[in-house]
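Participant: Count the sequence shown with our numbering and you get residues 2 to 328, in order. From the three backbone atoms N, C-alpha and C, an ideal C-beta is built for every residue, glycine too. What follows is a structure written as C-alpha cells; I'll ask about it next.
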Amino acid sequence: MPNPGSLDITDGNTTDGDTARGVSPRAYRRVVLVAGALLTLIVFTGALVRLTESGLGCEDWPTCSEEEFAPEWGFHPWIEFGNRLLSGVVSVGVGLAVLQAYRRSPRRTDLIRWSWYLVAGVVAQIVLGGITVLLDLHPLLVSSHFLLSMVLLWATAVLFFKAKGDHGPPTPTLPPHLVKHSRWTVIATSALLFTGTMVTGTGPNSGDFRADRLGFDLGDVARVHGLTAWVTLMSLVMLAVRMQREGTAPTALQAPIGVAVLQGLLGYIQYNLGLPPTLVMAHIVGAVVFFLLVLRMHLGFFERPFEGAESNELPPRVHPDRDLARG
Ligand code: HEM
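Quick look at the structure:
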C-alpha cells in the first residue's frame, strides 16, 4: 500500500526525497554500459592470462595457494591473481546495475530481471573459473569459460537495448524474412565463436604446459573454424544485398563485414605463423568486437515504444498532499 506522502511513480515503492527520486533512464543505461565494458575487459585479461602461460599462476582457488590468499610477487601469479581481482570489480559493476535498476525512475521489472541475469552469470563465471584452475585448465572448461562470457555480453547488450525504449514488445523494422536472416547470422556467429574455442583447445596456447589438449588435428579443426567464418561472412554479405534490394540501406552491416574480413585475414596469418601469442591476442579482441557488432546490428533491427527514455529528465515530482490541497 503506497504511503500517501510518497512519490508514487510506478508501483508505490519509491519514497519521496532526492535520493529516492532514483536514476534517470539515461543514467541507468550508462551504468549498464560500464558493466558491459568491465565484462568485455575481463575477457581480454582472461586471454592475457592464457597467452602469457599464467593459467596456473595461482594453483588453488579461491585462495592463490593452500598457504596464502594472495601470491608473492611474480609475473605469472600476479597476472592470474590480477584477473581474479578484476572479477571483483566486475561483480561491483553488475551489482550496481541491479541496484540502479531498482532505483531507476520509472522502475521496470524487465530491467530488474535482466540485470539479475548478469549477476547470476558473473557468479557462475567465478565458480567456473575456479573449477577450471582446480582441474588444470581442461580445454573444454576454458572454452566454456569464454563462451559463458559471450552469453554475458549478449545479456548485457539485450539489457542495454531494452533500457533504450519504454516497456513493451519490440517491433521489427525489417520484414520478417530479413529479421530471420539476421537471426541466423547471429547463430552462425555463435557457431564461429564455438569452433574458435575448439581450435584454441587443440592448439599450443593452453595457458600452462601441464594443461590437457583436445585430441583433434590442428589443421582440421582450423579448417572447420575457417569454414564457419566464411559462412558467417557470406551470411552478412547476403543480408546486406537483400536489404539493399528491398530498399533499406544496409549501413548497420558495414562495420561487422569490415571487421569479419580483417579478422579472417588475421586468422589465416596467425595460423601460418604458428600462433604467436600477440597475434592470437589481437584475434580474440577482434572476435569480441565482431560479436558485439553483430549483436548491435541484430538488436538495432527492433524498435521499442518510446516516450522520452533518452531524456536526462526524471519524471516530474508528484506531491499528492500539496496537489490535493491546491486542487
Ligand atoms: C570473423 C572471423 C573470425 C572470428 C570471429 C574468430 C573467432 C575466434 C575465436 C572466438 C577464437 C577462440 C579464442 C579463445 O578461445 O580464446 C578463435 C581462435 C582461433 N582462430 Fe578464429 N575467428 C575468425 C576467423 C578465423 C579464420 C578465418 C581463421 C583461419 C584459419 C582463424 C583461425 C583461428 C585460430 C588458429 C585460432 C586458435 C588461436 C589460439 O591458439 O588460441 N580464425 N577465433
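(1) So, do the stretch 104-113 and the stretch 23-32 have three or more beta carbon pairs nearer to each other than 8 Å?
(2) Can you tell which of G208, T196 and V24 has the C-alpha that lies nearest to the C-alpha of R139?
(3) Output the distance between the C-alpha atoms of L1 and T201, rounded to the nearest integer angstrom.
(4) Return the chain-ordered list of same chain residues with a C-beta closer than 8 Å to the C-beta of L1, the five sequence neighbours on each side being excluded.
(5) Could you name the residues of the same chain whose beta carbon sits closer than 7 Å to that of C65, not counting the 5 residues immediately before and after it, in chain order?
(6) Mapping the DSSP letters down to three states, classify E304 as helix, strand or coil.
(7) Buried or exposed: where does P306 fall if 16 or more other Cβ atoms within 10 Å of its Cβ makes it buried?
(8) Please name the residue or residues paired with P251 in a DSSP beta bridge.
(9) Between V281 and the ligand SAH, is there a pair consisting of the residue's CB and a ligand heavy atom that are separated by less than 7 Å?
(10) Buried or exposed: P257, going by 16 or more other Cβ atoms within 10 Å of its Cβ?
(11) Between which residues of its own chain and Q245 is the CB-CB distance below 8 Å, once the five residues before and five after are set aside?
(12) Does the Cβ-Cβ distance between T46 and V289 come in under 8 Å?
(13) Give me the Cβ distance between F291 and Q264, rounded to the nearest whole Å; I'm assuming they're in contact under 8 Å.
(14) May I ask you to check if the CB of A189 is nearer than 7 Å to at least one heavy atom of the ligand HEM?
(15) Using CA coordinates, which residue listed in V187, P107 and F195 is at the minimum distance from T233?
(16) Rounded to the nearest angstrom, what separates V90 and V242 at their Cα positions?
(17) Please indicate yes or no: does the CB of A125 lie closer than 7 Å to some heavy atom of the ligand HEM?
(18) Report the CB separation of A192 from T229 in whole angstroms; it is logged as a contact under 8 Å.
(19) Where does T172 sit, in a helix, a strand or coil, going by DSSP?
(20) Buried or exposed: where does L119 fall if 16 or more other Cβ atoms within 10 Å of its Cβ makes it buried?
(21) Which ranges does the alpha helix (DSSP H) cover as unbroken runs of at least 4 residues, wholly within the stretch 207-252, from first to last along the chain?
(22) By the three-class DSSP mapping on this structure, what secondary structure does R105 have?
(23) Compute the beta-carbon to beta-carbon distance between S145 and L129, rounded to the nearest angstrom, for a pair I have assumed lies under 8 Å.
(24) Following the continuous alpha helix (DSSP H) through L49, name the residue where it begins and the one where it ends.
(25) Taking only the alpha-carbon atoms, compute the straight-line gap between A212 and L142 and give it to the nearest angstrom.
Facilitator: Quick answer:
(1) Enough Cβ pairs lie closer than 8 Å, so yes.
(2) The question names Arg, yet the displayed sequence has His at residue 139. Measuring from the Cα of H139, the nearest candidate turns out to be G208.
(3) No answer is possible for residue 1: the residues shown for the chain start at 2 and end at 328.
(4) Look at the range of the chain in this structure, 2 to 328, and you will see that residue 1 is not part of it.
(5) C59, A71, P72, P78 and F82
(6) strand
(7) exposed
(8) Note: P251 sits in no beta bridge, so no partner.
(9) The ligand content of the structure shown is limited to the ligand HEM, which means the ligand SAH is not among them.
(10) buried
(11) P251
(12) no
(13) 6 Å
(14) no
(15) V187
(16) 43 Å
(17) For the ligand HEM, not one heavy atom lies less than 7 Å from the Cβ of A125.
(18) 5 Å
(19) strand
(20) That one is buried.
(21) 219-246
(22) strand
(23) 6 Å
(24) P26 to L52
(25) Each residue's alpha carbon lies about 11 Å from the other.
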